[in-house]
Structure formats: structure tokens, C-alpha cells
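Trainee:
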Amino acid sequence: MIKKAAFETSVGLGGTYPESGVQIAMVGKSNVGKSSLINSLCNNFKLARISASPGKTRLINFFRINDSFHLVDLPGYGFAKAPKTEKEKWGQLMEDYLSSGRLTHIFMLIDIRHAPTAEDKQMFEWIIYYGVPFTLIATKSDKLARSKRQQAANTAAKLLGAPPYAIPYSSENAEGREEVLKRIGAILQDAKGTNE
Ligand SMILES: Nc1nc2c(ncn2[C@@H]2O[C@H](COP(=O)(O)OP(=O)(O)O)[C@@H](O)[C@H]2O)c(=O)[nH]1
Ligand SMILES: [Mg+2]
Numbered sequence: 272m273i274k275k276a277a278f279e280t281s282v283g284l285g286g287t288y289p290e291s292g293v294q295i296a297m298v299g300k301s302n303v304g305k306s307s308l309i310n311s312l313c314n315n316f317k318l319a320r321i322s323a324s325p326g327k328t329r330l331i332n333f334f335r336i337n338d339s340f341h342l343v344d345l346p347g348y349g350f351a352k353a354p355k356t357e358k359e360k361w362g363q364l365m366e367d368y369l370s371s372g373r374l375t376h377i378f379m380l381i382d383i384r385h386a387p388t389a390e391d392k393q394m395f396e397w398i399i400y401y402g403v404p405f406t407l408i409a410t411k412s413d414k415l416a417r418s419k420r421q422q423a424a425n426t427a428a429k430l431l432g433a434p435p436y437a438i439p440y441s442s443e444n445a446e447g448r449e450e451v452l453k454r455i456g457a458i459l460q461d462a463k464g465t466n467e
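Following our numbering, the residues of the sequence shown are numbered contiguously, the last one being 467.
#1: So, Asp344 versus Ser291, is the Cβ gap smaller than 9 angstroms?
#2: Is it buried or exposed, Lys463, if we count other Cβ atoms within 10 angstroms and call 16 or more buried?
#3: Can you tell me whether Ile321 is helix, strand or coil according to DSSP?
#4: Count the CB pairs spanning the stretch 383 to 394 and the stretch 424 to 431 that are closer than 8 angstroms, and state whether there are at least three.
#5: Look at the Cβ atom of Ile336, then the Cβ atom of Ala276, and state whether they are nearer than 9 angstroms.
#6: Please state whether DSSP places Asp338 in a helix, a strand or coil.
#7: Any heavy atom of ligand 2 closer than 8 angstroms to the beta-carbon of Lys305?
#8: Got a sec? Which residues, its chain only, sit under 7 angstroms from Arg454 by beta carbon, not counting five neighbours each side?
#9: Which of the three DSSP states, helix, strand or coil, is assigned to Ser281?
#10: Sort Ile381, Ala424, Lys317 and His376 by Cα distance to Gly299 and report the nearest one.
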């Protein structure tokens with residue numbers, strides 16, 4: 272259970288990541304619902320800034336949870352209008368953090384209503400390449416009829432090239448919240464086992 276959540280720090284290219292503890296990061300395209308997921312999990316709707324205009328977050332934002340682990344809001348991708356230099360900086364920052372060895376687990380977010388984009392597929396290949404354990408979360412499930420949600424989530428996962436399962440999630444009505452909190456519990460338990 273998440274009892275306490277606080278903003279910790281923002282880190283840009285060349286910055287220093289928090290050193291200790293389990294770090295669980297949200298990745299996905301801009302506007303998919305990364306910040307909303309963090310807020311919804313923490314039951315604090317002012318915690319991570321939610322932006323209606325895509326591509327605003329350029330930094331890695333760390334949140335300290337229960338004084339013990341970190342939720343990490345990674346900058347999104349897929350904003351077509353961004354200049355090339357901006358995209359290169361994003362890539363360098365992502366690559367640096369993915370290869371840092373600090374990352375314990377990735378929650379990769381995909382929109383439950385859409386097939387994954389080429390950039391989503393590339394992101395997923397990176398995750399595999401760096402060997403970071405992951406969980407797929409299909410966001411905005413409230414936008415689909417209940418009877419279609421699990422199937423749509425699984426199809427999106429399959430199209431990504433992953434095992435065909437994703438957790439349907441809604442930051443609007445908290446569908447999927449218990450399942451994601453359980454995942455986090457298991458990740459923390461695993462990390463204990465490996466003496467992290
Ligand atoms: N209906 C619905 N809207 C959502 C959900 N999650 C996020 N949004 C909306 O999608 C937009 C982008 O969300 P945000 O969390 O800022 O996405 P980010 O760019 O990935 O951090 C905002 O307008 C949110 O209110 C959801 O589960 N359901
Ligand atoms: Mg955001």
C-alpha cells in the first residue's frame with residue numbers, strides 16, 4: 272500500500288540519479304498517461320504534473336514512495352513536432368538511464384485504443400536489449416466498453432511483440448490499480464530476495 276509519496280528530484284542529461292533502492296519507471300509516448308498513472312497509484316492528483324499538451328516533460332522525475340522505493344516518470348516520446356536535437360537529447364537521456372543499472376522494473380504504457388506505433392515497438396526493443404524486467408499497462412481503459420478491455424489490452428501487447436498480456440488501467444476510475452499495486456509488491460519482494 273502506498274502511504275506516503277513525495278517529489279524527490281528531476282534529473283536531466285549529465286545529472287545524477289538517486290542511488291539507492293528499487294526504481295520502477297513509466298515509459299510510453301507523450302500523453303499516454305504516465306503522470307496520471309503515478310498520481311492514481313499514489314492517490315495524489317497533484318504529485319506528477321499532468322499535461323494536456325504532449326511532449327512537455329524533458330526530465331526524469333523521481334518520486335519517493337513510503338520512504339523506501341522510487342516511482343520514476345520518464346520523458347515521453349512521439350511528439351512529431353519536436354526538433355531533431357530535442358529527440359536526440361531524449362534518446363541520450365533514456366539510453367543513459369536504461370544502461371545505468373539503477374532501473375529495477377519498467378511499466379511500459381500503451382493506449383488501450385490504439386495499435387502500438389513504430390516508436391512504441393522501438394522502445395520495447397530497447398527494454399529487451401537492456402534486459403530490464405517489464406510489465407505492460409494498457410491505459411485509458413475507461414474509453415472502451417468493459418467487455419472489450421482485456422482483449423484490447425492483450426492485442427496491443429501482442430502487436431508490440433511482447434507476451435500477449437497487458438493490465439487494463441484507468442486513472443479516471445482506478446480500474447487496474449489493485450493489480451498494479453500487487454505487481455509493485457512482488458517487485459519489492461523480489462528485490463529483497465536478491466539483496467538489492
Ligand atoms: N479518460 C482517461 N484519460 C486519461 C487517463 N490517463 C490520462 N488521461 C488524460 O490523458 C492526458 C495525458 O495524461 P498524462 O498523464 O499527462 O500523460 P503523460 O504525457 O504520459 O504523462 C491528460 O489529459 C489526462 O487527463 C485515463 O486513464 N483515462
Ligand atoms: Mg507526464
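Virtual Cβ for every residue (Gly too), placed ideally from N, Cα, C. Please read these numbers as outputs of a predicted model, since none were measured by experiment.
Mentor: Taking the geometry as given:
#1: Cβ distance not < 9 angstroms, so Asp344 and Ser291 don't count as in contact.
#2: Label assigned to Lys463: exposed.
#3: Three-state result, Ile321: coil.
#4: yes
#5: Yes, the pair counts as a contact, with Cβ atoms nearer than the cut-off.
#6: coil
#7: yes
#8: Cβ neighbours of Arg454 beyond the five flanking positions: Thr406.
#9: Of the three classes helix, strand and coil, the one that applies to Ser281 here is strand, per DSSP.
#10: Ile381
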